[in-house]
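Visitor:
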Amino acid sequence: MSDNLIQAMSDANATRYLNGIGLVILIYDHFLTVDDEIKYVWQTKASFAKRLFLCNRYAVPVVLITVACFMNNFNEIPLINTSTCVKFFTFSSLFSVLSIGIANILVLLMVVNLWERDRRVICLLALGFLVSFFATFSMMVVSVIRLMPGISYLPIVHMCVSTIPVKEIKAVWAAPMLFEVLVLISVCLNACARPRSKDTELARALSRDGIGFFSSLTILRLFNLILTSVARPSLLPVASFFVWAMTTLVLNRAIFNIYKSSTDQLDETSNWTNIPLYIHPSSPTPRNSSVVFDISSKNSPCSEEFELRKLYLNY
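Note that UniProt numbering has the sequence shown beginning at 1, numbered continuously upward.
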């Protein structure tokens, strides 16, 4: 057996196993969070954010399962050949950029609301997102066009492989990183600048999960960028789908935490609304009478919590 063939089989197995790990973790987490999805997402009214989230949550596993079929064609399905490899990996590559763009939009809604919809923040982040997204998408299109002649199905390893080096693929992972670092800094600044009186449970969840999401995403992208910079052409997809799966998982967890924090906080504060509080006997108010204090005013933390929740969840 030649050295090139041994190397091809080794690279194929590395790609197959790492992406398989990502898929298994994503599906396992999907089943773990079904209860949260039913409780916190399906019972809310329809909104832009809800539709985007559910579309991304279910579309990504379906695409990754299909990718797994192309990477593990041990039954030699006739439909999987060089032609279908080119078509499917073109679609999956472009859809992965769109999916991560959806994830960024959902978390951007979170960040914008942390800044109470400040116009300057909205304009800055929207401009950064658009420039980043279109740069990433354009570089992915160029990369796919360059990769097409080198994509083929190898029966010996039972999967599709790439044999052409493409420099533009580095830009696909590098382009969004500056924007993600910008958003991460804005979330950290907001967390430091937010007054204690407005530090509600939902605000803390938005800050915590925003920082966690973009920190994780930046680390994953950096890992992919380093790998594509030093790896052989046959190893280009080794971590791409793994990173996609982990990004989706982190997003799902962040969104569920936001829904859960907002719902739990509202349930807790609603129990204290309009509670009769008895006046001390020394008060001029009659001893056996009670006074009801309305703690649902606009100045109460509950009101702030509701407004912040409404801003994010009702998009």
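Where is the CB? At the ideal position from N, CA and C, for every residue including glycine.
Taking C-beta to C-beta, are residue 98 and residue 49 nearer than 8 Å?
Guide: Locating residue 98 in the sequence shown gives position 98, counting from the first residue. Locating residue 49 in the sequence shown gives position 49, counting from the first residue. It is not a contact, given that the beta carbons lie outside the stated cut-off.
Visitor: Once you ignore the five residues that flank residue 242 on each side, which residues in its own chain have a CB closer than 6 Å to its CB?
Guide: Within the sequence shown, numbered from 1, the residue matching residue 242 stands at position 242. 18, 19 and 22, listed in sequence order.
Visitor: Quick one, which of 54, 151, 189 and 16 has its alpha-carbon nearest residue 34's?
Guide: As a working mapping, residue 34 is identified with position 34 in the sequence shown. Answer by Cα proximity: 54.
Visitor: Where does residue 154 sit, in a helix, a strand or coil, going by DSSP?
Guide: In the sequence shown, residue 154 corresponds to position 154, counting from 1. Reduced to three states, the DSSP call for residue 154 is strand.
Visitor: List the endpoints of the continuous alpha helix (DSSP H) containing residue 139.
Guide: Start at 1 with the first residue of the sequence shown, and residue 139 comes out as number 139. 119 to 147 is the extent of the alpha helix (DSSP H) around residue 139.
Visitor: My output table needs one value for residue 291: the three-state DSSP class, helix, strand or coil.
Guide: Translated into the one-based positions of the sequence shown, residue 291 becomes position 291. At residue 291 the pLDDT is 45, less than 50, meaning the model places this residue with poor confidence; the figure from the coordinates comes in the next sentence. In this structure, residue 291 counts as strand in the three-state DSSP scheme.
Visitor: Have a look at the DSSP bridge pairing and note the partners of residue 159.
Guide: Start at 1 with the first residue of the sequence shown, and residue 159 comes out as number 159. In DSSP, residue 159 forms a bridge with 154.
Visitor: I need the DSSP call for residue 46, collapsed to helix, strand or coil.
Guide: If you number the sequence shown from 1, residue 46 lands on position 46. Coil.
Visitor: Measure the Cβ-Cβ separation of residue 247 and residue 103 and say whether it is below 8 Å.
Guide: The residue labelled residue 247 in the question sits at position 247 within the sequence shown. The residue labelled residue 103 in the question sits at position 103 within the sequence shown. For residue 247 and residue 103, yes; Cβs fall inside 8 Å.
Visitor: Using 8 Å as the cut-off, can you tell me whether the region 72 to 84 makes contact with the region 215 to 228, which would need three or more C-beta pairs spanning the two stretches below that distance?
Guide: Flag = no, the region 72 to 84 and the region 215 to 228 do not touch.
Visitor: Drop a sphere of 10 angstroms on the beta-carbon of residue 178, count the other beta-carbons inside from all chains shown, and report buried for 16 or more, exposed for fewer.
Guide: Reading the sequence shown from its first residue, position 178 is the one you call residue 178. By the Cβ neighbour-count rule, residue 178 is exposed, with fewer than 16 other Cβ atoms within 10 Å of its own.
Visitor: Per DSSP, what kind of secondary structure is residue 84 in: helix, strand or coil?
Guide: Position 84 of the sequence shown, counted from the start, is the residue given in the question as residue 84. Under the three-state reduction of DSSP output, residue 84 falls in the helix class.
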